Amino acid sequence: SGQMRILQVVERFYPRAGGIELHVFHISRELAKLGHDVTVVTSSSVDLQDVPGISSKGFTLRNSLPDLPSFEINDDGVKIYRFKPKIAFYTALFTPGLVRYLFQHLQEYDIVHVHAYVQPEPSLVAIASKRKKKPFVLTPHDLISVYGGFRGAIKNLGDIVFATRYTRCCSDNRGSSQK
1 SGQMRILQVV ERFYPRAGGI ELHVFHISRE LAKLGHDVTV VTSSSVDLQD VPGISSKGFT
61 LRNSLPDLPS FEINDDGVKI YRFKPKIAFY TALFTPGLVR YLFQHLQEYD IVHVHAYVQP
121 EPSLVAIASK RKKKPFVLTP HDLISVYGGF RGAIKNLGDI VFATRYTRCC SDNRGSSQK
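Residue numbers (our numbering): 1 to 179.
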């Protein structure tokens with residue numbers, strides 16, 4: 001059969017209603033309708049200030065994550081695993097449980113679709129996918145947005161640090177070795 005096991009990796013997901021989250025929601029739903037086995041791995045965060053740390057809105061000292069299930073299968077048949085982030089730094093969440101799941105289960109999927117590239121988890125998945133010779137697709141959301149101030153500096157640093165690594169991984173995502 002033509003069914004594939006597809007892993008979607010995204011920092012935040014539905015019920016958050018941002019552009020990336022809705023994009024992944026709709027792609028996952030349509031892939032499931034086509035008969036594919038789709039899993040979304042994400043954090044349980046739905047807001048910039050629901051995780052302790054610093055964001056563009058200031059400091060957050062307490063956790064105010066919503067009460068979402070850590071695992072569910074939605075009405076479209078999409079499996080969703082949510083992991084609790086430990087700390088936030090602007091747009092980046094540090095979610096050890098998510099990373100652990102990915103390294104333990106990556107081989108179970110036929111292809112990995114990574115969304116965004118400045119967050120640590122998608123970056124680790126892209127690198128791990130290449131090392132395990134697992135095909136992956138990168139959708140680099142927010143690639144051309146222009147930000148000012150500190151957020152702009154963070155994005156520019158992410159572009160420098162991750163863009164080179166992703167270019168290397170994506171250009172060779174079938175697992176052959178290039179030097």
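Cβ coordinates follow ideal geometry from the N, Cα and C atoms, glycine included.
Owing to the predicted nature of the structure, the values given are computational and were not obtained by experimental measurement.
If you draw a straight line from the Cα of phenylalanine 103 to the Cα of serine 56, it comes to about 30 Å. Apart from the 5 residues on each side of it in sequence, glutamate 21 sits with its Cβ closer than 8 Å to the Cβ of Val10, Arg12, Phe13, Tyr14 in its chain, given in chain order.
Excluding five sequence positions before and after histidine 113, the CB atoms of its chain that fall closer than 6 Å to its own CB belong to Gln8, Val137, given in chain order.
With a beta-carbon spacing of about 5 Å, lysine 84 and serine 44 fall inside the 8 Å limit used to define contacts. Scanning Pro120, Thr139, Val99, Leu106 for the CA closest to the CA of threonine 91 turns up Pro120. The DSSP assignment places 87-89, 92-94, 111-115 as complete runs of the beta strand (DSSP E) inside the segment 80-122, in order along the chain (cut-off: 3 residues). Bounds of any beta strand (DSSP E) do not take in glycine 77, whose DSSP letter is neither H nor E.
Shown here, valine 9 sits in a strand according to DSSP, grouped into three states. Under DSSP, phenylalanine 59 takes part in a beta bridge, and its partners are Ile54.
Note on geometry: alpha-carbon atoms of aspartate 50 and histidine 115 lie some 21 Å from one another. Following the DSSP letters along the chain, one finds serine 43 inside the beta strand (DSSP E) bounded by residues 37-43. Secondary structure of valine 137 (DSSP, three-state): strand. In the three-state scheme derived from DSSP, where H, G and I count as helix and E and B as strand, lysine 132 is classed as coil. Where leucine 22 is concerned, the enclosing alpha helix (DSSP H) starts and stops at 19-33. Isoleucine 27 and valine 40 have their C-alpha atoms roughly 11 Å apart.
For glycine 152, the three-state secondary structure derived from DSSP is helix.
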